[in-house]
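Residue numbers (our numbering): 10 to 317. Here's the structure we're looking at; comments come further down.
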């Protein structure tokens with residue numbers, strides 16, 4: 010059975026299209042991601058699927074329940090970790106858990122027991138009696154995830170679950186998401202971190218300007234780049250470098266960040282030598298061919314970077 014089924018879903022705000030006729034399904038037990046830049050329509054899609062807003066057109070079902078007709082049933086089987094946490098910072102971690110347990114209609118003893126199990130799993134048990142206002146961003150994210158899992162949902166919605174976290178905190182949440190999925194929970198997440206989607210997901214839908222522009226496993230999406238090569242050049246940067254590289258026939262896309270230039274090129278003989286000739290008067294520190302990432306796929310499909 011599909012955990013999520015979407016057909017021609019559409020949402021507009023004051024004439025601006027946020028979600029533009031998207032269709033896809035998510036299998037039960039899958040980790041599925043919407044990958045795209047801010048403003049692509051990811052959060053709007055999640056808000057429709059979790060009965061927070063109504064679509065202007067199309068259909069969506071969660072385990073067979075219609076998001077327009079069966080919201081009370083849907084809310085009982087989903088967990089939501091929003092992009093902005095909704096924790097009460099003047100309460101302790103455990104008090105937040107018991108409060109949300111009450112909203113989920115869980116008996117106090119059950120909410121307390123389940124909460125303590127999740128606090129232990131997330132490394133927060135020793136902080137359960139501290140006020141949330143004293144927690145770091147990563148700790149708040151972990152507590153928000155605990156609350157989303159309190160009632161053992163069949164499907165967990167994670168909207169940008171690791172935004173703003175350091176790499177260690179991010180990996181901690183990734184590993185916990187994997188554990189929850191291994192226990193049978195379907196995971197639907199939105200992200201603009203290509204490494205997050207690559208590490209976690211069975212399938213990824215790339216979204217831009219309200220549309221799904223590609224959908225497949227991370228490996229198959231990256232195989233779309235088999236006719237291109239990705240070059241990584243470290244060198245002393247100046248404004249003329251980009252123009253010099255652009256003038257080489259076969260160069261498709263260029264990005265630069267902190268002195269590292271990344272180039273997507275056609276796979277043709279002699280192209281690398283042509284690039285080197287055009288920038289040979291600069292101080293080239295290293296040149297390497299690298300494996301494509303999901304961001305490279307996105308750049309190839311849209312002509313822009315995920316973080317633009």
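Note that beta-carbon positions come from the ideal geometry of N, C-alpha and C, so glycine has one too. These numbers come from a predicted model, not from an experiment.
Under the three-state reduction of DSSP, residue 105 is assigned to helix. Between the alpha carbons of residue 161 and residue 201 lies a gap of roughly 27 Å. A residue is called buried once 16 or more other Cβ atoms fall within 10 Å of its Cβ, and residue 176, having fewer, is exposed. Note on geometry: alpha-carbon atoms of residue 253 and residue 286 lie some 10 Å from one another. For residue 145, the secondary structure class from DSSP, reduced to helix, strand or coil, is coil. Using a C-beta cut-off of 8 Å, the segment 186 to 203 makes no contact with the segment 267 to 276, since fewer than three inter-stretch Cβ pairs fall below that distance. Residues of the same chain with a CB within less than 7 Å of the CB of residue 292, apart from the 5 flanking positions on each side, are 244, 245 in chain order. By the criterion of at least three beta-carbon pairs nearer than 8 Å, the segment 154 to 171 is not in contact with the segment 206 to 221. Residue burial is scored here from C-beta neighbours: residue 228 has fewer than 16 other C-beta atoms within 10 angstroms and is therefore classed as exposed.
Annotation for residue 59: 87, 89, 166 place their beta carbon closer than 7 Å to its own, counting only its chain and skipping 5 residues before and after. Judged by beta-carbon spacing, residue 171 lies beyond the 9 Å limit of residue 155, meaning their Cβ atoms are not closer than that value. In this structure, the CA atom of residue 276 is about 19 Å from the CA atom of residue 304. If you look at residue 18, you'll find it in the beta strand (DSSP E) that goes 11 to 22. About 5 Å separates the beta carbon of residue 16 from that of residue 68, a gap short enough to meet the 8 Å contact definition. Collapsing the DSSP output to three states places residue 249 in a helix. One alpha carbon belongs to residue 41, the other to residue 213, and they sit about 6 Å apart. Between residue 257 and residue 280, the C-beta gap is smaller than 9 Å, which places the two residues in contact.
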